[in-house]
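**Student:** Sharing a structure with you now.
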């Protein structure tokens with residue numbers, strides 16, 4: 193009789209479970225601490241948006257009230273008469289002064305800042321570059337009123353020689369014609385703003401230039417390129433968007449500067465073709481100098497001009513962020 197013995201069969205191996213994605217583990221939605229951190233982070237972002245919306249709403253509400261009473265055109269009127277009823281005011285002079293002074297500052301500061309950033313990152317020895325970078329960082333920490341006092345007590349008295357030279361050789365253009373008198377003009381303001389925004393543009397540009405892949409520079413050197421050709425062919429093209437964004441951040445600082453401009457500029461509600469004669473004004477300077485004595489419609493008119501500056505600053509900083517986002521290396525985006 194055949195006796196069949198049962199065969200010992202091993203149990204099938206367990207089916208491997210799919211590994212949990214790293215991103216899901218990182219999120220840690222099941223942990224109480226991670227949930228609290230997620231809520232705080234999200235709440236902080238929402239709170240910031242609420243604050244920005246509240247500021248914009250307040251400025252818009254007060255602006256609509258006074259603009260409904262304004263006898264002049266808000267964008268083209270050259271007068272600022274807010275102590276009469278109904279008021280008659282406009283921002284033409286303020287817009288001109290703000291834009292001109294900021295452009296002068298950019299034309300002076302950006303080339304110098306890029307040169308300093310290249311020197312620190314690619315030319316200077318490490319000790320010298322580190323010391324120079326430290327000094328640039330200290331310039332960024334100087335308060336605006338200190339810059340203003342230095343500009344009024346040191347810069348303005350010593351601008352006469354430069355103004356005389358510009359008038360002698362370029363006065364025929366009308367832009368650099370000087371009638372004499374204190375050098376409290378748009379050009380002086382632009383030079384002071386250039387000194388103030390120099391640390392911002394320099395620091396951001398320096399960090400951008402340090403992100404250039406080393407193999408790009410080594411490849412250019414292997415092909416026989418000089419140091420300047422390496423910078424021209426590898427460093428500057430890679431850092432172009434970063435320099436542009438740094439410049440726009442500096443422009444935002446120049447547009448909103450208040451105390452330094454108010455200390456140096458001798459404002460008058462006129463637009464002069466010459467950059468060397470007193471005249472003009474900026475949004476921030478006008479608000480700072482007239483808010484204390486303004487009442488009623490006068491304060492609302494200043495708030496209306498502040499709304500224009502608020503919108504311009506948002507556009508400038510938004511443009512800088514958009515340029516940074518084009519390069520993931522600078523924006524920190526992962527997808």
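Residue numbers (my numbering): 193 to 527. Every residue gets a Cβ at the ideal spot worked out from N, C-alpha and C, and that includes glycine.
Less than 8 Å separating the beta-carbons of residue 376 and residue 470?
**Tutor:** Reading the chain shown from its first residue, position 184 is the one you call residue 376. Reading the chain shown from its first residue, position 278 is the one you call residue 470. Closer than 8 Å, so yes.
**Student:** Does the contact criterion of 3 or more C-beta pairs under 8 Å hold for the stretch 360-378 versus the stretch 401-410?
**Tutor:** no
**Student:** According to DSSP, is residue 193 part of a helix, a strand, or is it coil?
**Tutor:** Taking the first residue of the chain shown as 1, we reach residue 193 at position 1. Residue confidence is low: residue 193 scores 46 on pLDDT, short of 50, so the model does not pin down where it sits. Its coordinate-derived value is still stated next. Residue 193 falls in the coil class under three-state DSSP.
**Student:** Out of 329, 295, 477, which has the shortest C-alpha to C-alpha gap to residue 340?
**Tutor:** To locate residue 340, count along the chain shown from 1; it is residue 148. The residue with the shortest Cα to Cα distance from residue 340 is 477.
**Student:** Please go through the same chain and pick out, in chain order, the residues whose beta-carbon is closer than 7 Å to the beta-carbon of residue 305, but skip the five residues on each side of it.
**Tutor:** Against the chain shown, residue 305 aligns to sequence position 113. Result list for residue 305: 390, 393, 394, 397, in chain order.
**Student:** Any idea which residues DSSP pairs residue 280 with across the strands?
**Tutor:** Residue 280 sits at position 88 when you count from the first residue of the chain shown. Paired residues: 273.
**Student:** Please report the residue range of the alpha helix (DSSP H) in which residue 405 lies.
**Tutor:** Mapped onto the chain shown, residue 405 falls at position 213. Counting along the chain, residue 405 falls outside any alpha helix (DSSP H), and DSSP gives it neither H nor E.
**Student:** Classify residue 472 as helix, strand or coil using the three-state DSSP reduction.
**Tutor:** Numbered from its first residue, the chain shown carries residue 472 at position 280. Three-state result, residue 472: strand.
**Student:** Can you list, in chain order, the residues of its chain with a C-beta nearer than 8 Å to that of residue 218? Leave out the 5 residues immediately preceding and following it.
**Tutor:** Counted from its first residue, the chain shown places residue 218 at position 26. Note that residue 218 has pLDDT 48, beneath the 50 cutoff, so the model's placement of it is unreliable and the number below is only indicative. Apart from the 5 residues on each side of it in sequence, residue 218 has no Cβ closer than 8 Å to any other Cβ in its chain.
**Student:** Rounded to the nearest angstrom, how far is the Cβ of residue 156 from that of residue 386, given a contact under 8 Å?
**Tutor:** No statement about residue 156 is possible, as the shown extent of the chain runs from 193 to 527 and does not include it.
**Student:** So, using beta-carbon positions, are residue 270 and residue 284 closer together than 8 Å?
**Tutor:** Mapped onto the chain shown, residue 270 falls at position 78. Mapped onto the chain shown, residue 284 falls at position 92. Yes, the Cβ-Cβ distance between residue 270 and residue 284 is below 8 Å.
**Student:** How far does the alpha helix (DSSP H) with residue 332 in it extend, from its first residue to its last?
**Tutor:** Counted from its first residue, the chain shown places residue 332 at position 140. Residues 318-332.
**Student:** How close, in whole Å, do the beta carbons of residue 496 and residue 258 come, if the pair is a contact with beta carbons under 8 Å?
**Tutor:** Position 304 of the chain shown, counted from the start, is the residue given in the question as residue 496. Position 66 of the chain shown, counted from the start, is the residue given in the question as residue 258. About 6 Å separates the beta carbon of residue 496 from that of residue 258, a gap short enough to meet the 8 Å contact definition.
**Student:** What is the DSSP secondary structure of residue 466, reduced to helix, strand or coil?
**Tutor:** Start at 1 with the first residue of the chain shown, and residue 466 comes out as number 274. DSSP places residue 466 in coil when its eight states are reduced to three.
**Student:** Which complete beta strand (DSSP E) runs does the stretch 365-415 hold, if anything under 3 residues is left out?
**Tutor:** none
**Student:** Inspect the beta-carbon positions of residue 251 and residue 475 and report whether they are closer than 8 Å.
**Tutor:** Along the chain shown, one-based indexing puts residue 251 at 59. Along the chain shown, one-based indexing puts residue 475 at 283. No, these two residues do not count as a Cβ contact at 8 Å.
**Student:** Could you check whether residue 456 and residue 365 sit closer than 8 Å to each other, using their CB atoms as the reference points?
**Tutor:** Within the chain shown, numbered from 1, the residue matching residue 365 stands at position 173. Within the chain shown, numbered from 1, the residue matching residue 456 stands at position 264. No; because the gap between Cβ atoms is not below 8 Å, this pair is not in contact.
**Student:** Quick check: the Cα distance between residue 335 and residue 451, rounded to an integer number of angstroms?
**Tutor:** Position 143 of the chain shown holds residue 335. Position 259 of the chain shown holds residue 451. Their backbone Cα atoms lie some 10 Å apart in a straight line.
**Student:** Taking only the alpha-carbon atoms, compute the straight-line gap between residue 509 and residue 434 and give it to the nearest angstrom.
**Tutor:** By one-based count along the chain shown, residue 509 stands at place 317. By one-based count along the chain shown, residue 434 stands at place 242. So the alpha carbons of these two residues sit roughly 13 Å apart.
**Student:** By Cβ distance, which residues of its chain are closer than 8 Å to residue 490, with the 5 residues on each side in sequence left out?
**Tutor:** Along the chain shown, read from residue 1 onward, the residue named residue 490 stands at position 298. Cβ within range, chain order: 274, 275, 279, 482.
**Student:** Thinking just about the alpha-carbon of each residue, which of 272, 328, 362, 263 is nearest to the one in residue 473?
**Tutor:** As a first step, residue 473 must be located in the chain shown, where it is residue number 281. Distance check between residue 473 and each of 272, 328, 362, 263 places 272 closest, using alpha-carbon atoms only.
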